[in-house]
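Numbering (this note's numbering), first residue to last: 14 to 218.
We put the beta carbon where it would ideally sit given N, CA and C, even for glycine.
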Amino acid sequence: MAAMIESRDNSTGGHINRTTACGALFVEHLRTLEDYNQSENYWDAVVNSCPLHDLGKIGVSDSILKKASGLKPWEYDEMKTHAAKGAEIVKKVLADVDDKEFVRVATNVAHYHHEKYDGSGYPDHLRGEQIPFEARIMALVDVFDALVSQRYYKEPMSYDEAFKIIHDERGSHFDPHLSKIFISLKPEIISLYESFNGTDYSRKS
């Protein structure tokens, strides 16, 4: 399903693969911390949900999804519907899955990964810890990849610039504690991204 979305969205490249790998790296570190008391099944569910975060883009028209210039306000409004659409698709597709925690986590990741900590995100303008924890994790991974990756409308940002943006937007866009942990993993994250060089998942392709 994730591969099908990438085949339609000419701006993503290896976005799903990179965010999944980065999400796994981030979660593996979070597992070791006493700050977050979650089950192993929960952490596995977060990692396995990463590839599904943009599933709702299947419900966005090609004329908007593949538009090679800036979106008009009404077009951006349609693009933003992919979050709620994704949650509905995930729930339907995974309806018969026995692991209900995975279904819940995957639904939340799809639905709320564009919410912002200060309440200015979408689709429901949730604030702070109203945003499901798994969606706050995905927000960091998703935005970081968007910043450092080449898109048809921009060149990739440097790692330093991307981490500075995450630092500066702690408490506004991102969960302040989670973003601090994410930034602390800077060497490991850069090493992961550099390992994609020369592959189909390179941030510069």
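Report, in whole angstroms, the separation of the C-beta atoms of residue i and residue j, which I expect to be a contact under 8 Å.
| i | j | result |
| --- | --- | --- |
| Ser62 | Ala119 | 4 Å |
| Cys35 | Val154 | 5 Å |
| Ile179 | Phe157 | 7 Å |
Where residue i and residue j are concerned, what is the direct C-alpha to C-alpha distance, given to the nearest angstrom?
| i | j | result |
| --- | --- | --- |
| Val59 | Ile203 | 21 Å |
| Ser162 | Asn50 | 33 Å |
| Val110 | Met14 | 16 Å |
| Lys167 | Lys105 | 35 Å |
| Gly132 | Pro169 | 28 Å |
| Gly141 | Asn30 | 28 Å |
| Ile194 | Lys80 | 35 Å |
| Asp213 | Lys129 | 31 Å |
| Trp56 | Val40 | 7 Å |
| Arg216 | Gly27 | 7 Å |
| Val73 | His127 | 16 Å |
| Phe146 | Ser218 | 31 Å |
| Asp48 | Arg149 | 15 Å |
| Ile71 | Lys93 | 12 Å |
| Arg183 | Leu107 | 33 Å |
| Glu207 | Asn54 | 29 Å |
| Ala37 | Ala16 | 18 Å |
| Ser52 | Glu114 | 11 Å |
| Ala97 | Val103 | 10 Å |
For residue i, verify whether its CB is less than 7 Å away from any heavy atom of the ligand FAD.
| i | result |
| --- | --- |
| Ala108 | As presented, the structure is devoid of all ligands, the ligand FAD included, so that no description of it is given. |
Mind checking who residue i pairs with in its DSSP beta bridge?
| i | result |
| --- | --- |
| Arg183 | Phe187 |
| Lys167 | Arg164 |
State buried or exposed for residue i, treating a residue as buried only when at least 16 other CB atoms are found within 10 Å of its CB.
| i | result |
| --- | --- |
| Ser235 | Nothing about residue 235 can be reported from this structure: the residues present for the chain run from 14 to 218 only. |
| Ile67 | It is Asp, not Ile, that sits at residue 67 in the sequence shown. It is buried - the Cβ of Asp67 has at least 16 other Cβ atoms within 10 Å. |
| Gly83 | exposed |
| Pro86 | exposed |
| Asp181 | exposed |
| Tyr89 | exposed |
| Gly211 | exposed |
| Tyr125 | buried |
| His138 | exposed |
Let me make sure I understand the geometry here. Which of the options has the alpha-carbon closest to that of residue i?
| i | options | result |
| --- | --- | --- |
| Asp173 | Glu41, Leu160, Ser215, Leu65 | Leu160 |
| Leu65 | Tyr89, Thr33, Asp90 | Thr33 |
| Leu46 | His190, Tyr206, Gly211 | His190 |
| Phe176 | Gly99, Glu207, Ile196 | Ile196 |
Could you tell me whether the Cβ of residue i comes closer than 8 Å to any Cβ of chain B?
| i | result |
| --- | --- |
| Pro169 | Reference to chain B is not applicable here, since this structure consists of a single protein chain. |
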